Every structure is written in structure tokens, then in C-alpha cells.
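See below for the structure under consideration.
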Amino acid sequence: MSIAVEALFTTALGLQAPGVVSNVDLNTVKRWIDFEVKCDANKLPCPACGVDGQGVHDRIKRSWRHLDFFQFEAWLHAEVPRVDCSACGKTTQAEVPWARPGSAFTLLFEALALSLCQTLPVAQAANQLQVRSKRLWRRIEHYVGIARQRDEMTDVRVVGIDETSLKKGHNYVTVVHDLEARWMLFMTPGRGHETVAAFKQELVAHGGVADNIKHGCIDISAAYAKGVAESLPQAQISYDRFHVIALANAAMDEVRREEVRTQPKAVRAALGEDAKAVKAVWGMRKNPVGWTYHQISSMHWLAFP
15 MSIAVEALFT TALGLQAPGV VSNVDLNTVK RWIDFEVKCD ANKLPCPACG
65 VDGQGVHDRI KRSWRHLDFF QFEAWLHAEV PRVDCSACGK TTQAEVPWAR
115 PGSAFTLLFE ALALSLCQTL PVAQAANQLQ VRSKRLWRRI EHYVGIARQR
165 DEMTDVRVVG IDETSLKKGH NYVTVVHDLE ARWMLFMTPG RGHETVAAFK
215 QELVAHGGVA DNIKHGCIDI SAAYAKGVAE SLPQAQISYD RFHVIALANA
265 AMDEVRREEV RTQPKAVRAA LGEDAKAVKA VWGMRKNPVG WTYHQISSMH
315 WLAFP
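Mapped onto the numbering used here, the consecutive letters of the sequence shown carry residue numbers 15 to 319.
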């Protein structure tokens, strides 16, 4: 049993009546495949008010980038009806099932693009998909906005507040995480106490209560401490271990340098002439998981001289 090419691609694209593929054009030079989608219906529901059986006013030619077929860049083309509604008096363009309103990509192509952007830099994903990176950024902003509206912060009790630098230079942003759910809640430019006040506004807007925050883990920053005290008054402050360890290492290094400078004889007497003792200092400052072979040997020697 044979099946027409148009019917085959109608099924492959998941189209349902009254929309069907009426023509398929394969361009082997440009490596494009064009699908003409046809809708012959003369009566459609009004997209604005939903009243059924309204007349078609006219049709507008539209095109959408779709998932590649057999490594050929695929495009859907359709004359989209505009419905003239006698009930509400509006003339409204009908929605198509394969794309969201206003988008030049199909929903499946947008899903692929967003998946790539989760694992690749946007510019690299755009190059792979052969589209401009600005077009991908617009999709990311659209769907992030939708996801942001759905965020719920009613159960947030423990937060972590830290700064990070974007790109090069001193372009800082403040990031707030839910430490129990391991989820990023908020990010805003700057690293002053006002960033915590901005987080409080976002928290309340998404169903959270500032007085329900019982613990705030921050870096050793007077600005963040002030922000938590003012905006999250019930939160107990603690300092994250990364910054505490960094301060301890800096203090230990300062003491080491001072002793070597002021008491060189005492240092040599304590360590002996073996250079392994000096080299072992660097191993003691690292996580054992990251020790090199020589640092493992030095640590073994230090434990069993």
C-alpha cells in the first residue's frame, strides 16, 4: 500500500484537519525542505471570544522554522486565516497549533533551541542551529519570564546570599539561593545592602514572607549583614565556610611569612633542612581530593617521617 508524500508529512508533522500539507518542495542546492500547509475551512471559531462558525475574512502568508528533516533545514509555510467575528466585532488572526503567536519558530524548534542553550553558550547554540543569537535570547527571555511568574517562594526558610562577577572587571551581581531546595531564587546587579531589600520585594511578590526566613548564610560582608538585619529581621546570620576557610588560610599564610622573615633560624630548626616540610604546607591548604601525587607523598611523609 502506498501513501502520498503530502499525507505522509501531514502525519509526520502531527497536523490535524483542517490543516494538511498540500505541497513539499525539496531544494538540494540550499539543503532546504519547504512544507506548504493548507487550511480550506471557511468557518472557524473566533480566536478572541470563542464563538464557533465565524467567517474567514482573509488569509496572511506566514513562515516558521521547523526541526530539520534528514539534515535539511525545514520550513512550514501557511496562509493563516483571519476570522471576522459577528459576535464580538473583531477581526482576529487564528492561532496555529505548531507555533505560539508571534513566533517565527515552531514549538518543537523552540524546544530544541532551549535544550541546546541549557548545555551550550547561546552563541554556540545559535551557530549550530544556523540562526542569529539574538533570536535565541528573545526565546529565552520569553520562557524565563513565564517560569518566573510561576515561581513559588512560600516555603523558603533558609537562604544563601553571595556575590559573583559577570565577565571581566568589577561587574558584580548578588545571587540568592534556597539552601534547602538547592534552587536559585533571585539575582540582581550590585552587592550592597539594597540588594537584600530587592530580594525581599521579590519574595513577597511570589508568596513568601520575610519573617519566615529563619537563617541567612552570607559571605563576610557588612553590606549583606546590614541588608539581612533590615529586610529579614528574623533570620540568624552565619558565614559560609568558603570565606571562613579563605580567611583562615590567609591568616596562616601571613603568620608563616612573618615567622620566616623575623625568625628564620627558629623555622629552620623546627622544619629541618628537608624541603619536604616546606612543600607540605601547600598540600595542607588544599582539599585532599585535589592532591597531586607529590602532595600525597609529602602528606604521607609528614604523618610518618
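Even for Gly, the Cβ is constructed at its ideal location relative to N, Cα and C. Just so we're clear, the structure is a prediction, and the values are computed from it rather than from any experiment.
If only uninterrupted beta strand (DSSP E) runs of at least 3 residues are considered, those enclosed by the stretch 152 to 186 are 172 to 179.
Under the criterion of beta carbons closer than 8 Å, A92 and V51 qualify as touching, at roughly 4 Å. A Cβ-Cβ distance of about 7 Å is found for the pair Q144 and E87, placing them in contact under the 8 Å criterion. Take the alpha-carbon of D66 and the one of K214: they are about 47 Å apart. Here G221 is not near E177, since their CB atoms are 8 Å or more apart. Residues of the same chain with a CB within less than 7 Å of the CB of A239, apart from the 5 flanking positions on each side, are I232 and I251 in chain order. A straight line joining the alpha-carbon of W197 with that of D169 spans about 12 Å. The distance from the Cβ of A127 to that of R153 is about 6 Å, consistent with a contact at the 8 Å cut-off. Under DSSP, R96 takes part in a beta bridge, and its partners are D72 and Q107. Taking 8 Å as the cut-off, the Cβ atoms of G174 and D225 do not count as close. Residue pairing from DSSP places D48 in a beta bridge opposite D39 and W89. Counted as a single uninterrupted DSSP element, the beta strand (DSSP E) harbouring L199 occupies residues W197 to P203.
Secondary structure at I232: strand, using DSSP grouped into helix, strand and coil.
Sequence-distant partners of E124 (beyond 5 residues in either direction) whose C-beta falls short of 6 Å from its own C-beta, in its chain, are R153. Between C53 and T106 a beta carbon distance of about 15 Å is seen, past the 8 Å cut, so the two are scored as non-contacting. In the DSSP assignment, Q250 falls within the beta strand (DSSP E) that extends over Q250 to Y253. Listed in chain order, the alpha helix (DSSP H) runs fully inside the stretch 240 to 280 are 255 to 276, counting runs of at least 4 residues.
One thing to note: L199 has its Cβ within 8 Å of the Cβ of V190. Taking the Cα of A55 as reference, the smallest distance to any Cα among A31, R45 and N41 is reached at A31. When rounded, the separation of the alpha-carbon atoms in E20 and G183 is 56 Å. One alpha carbon belongs to V218, the other to A249, and they sit about 16 Å apart.
Assignment of L193 by DSSP, reduced to helix, strand and coil, places it in the coil class. For Q30, no alpha helix (DSSP H) run applies, since DSSP gives it neither H nor E. Per DSSP, the continuous alpha helix (DSSP H) segment holding L126 begins and ends at L121 to T133. The DSSP-derived three-state label of R114 is coil. Scanning S235, P278, K279 and A243 for the CA closest to the CA of V258 turns up S235.
Here DSSP, grouped into helix, strand and coil, assigns D225 to helix. Between L58 and V97, the CB-CB gap stays under 8 Å.
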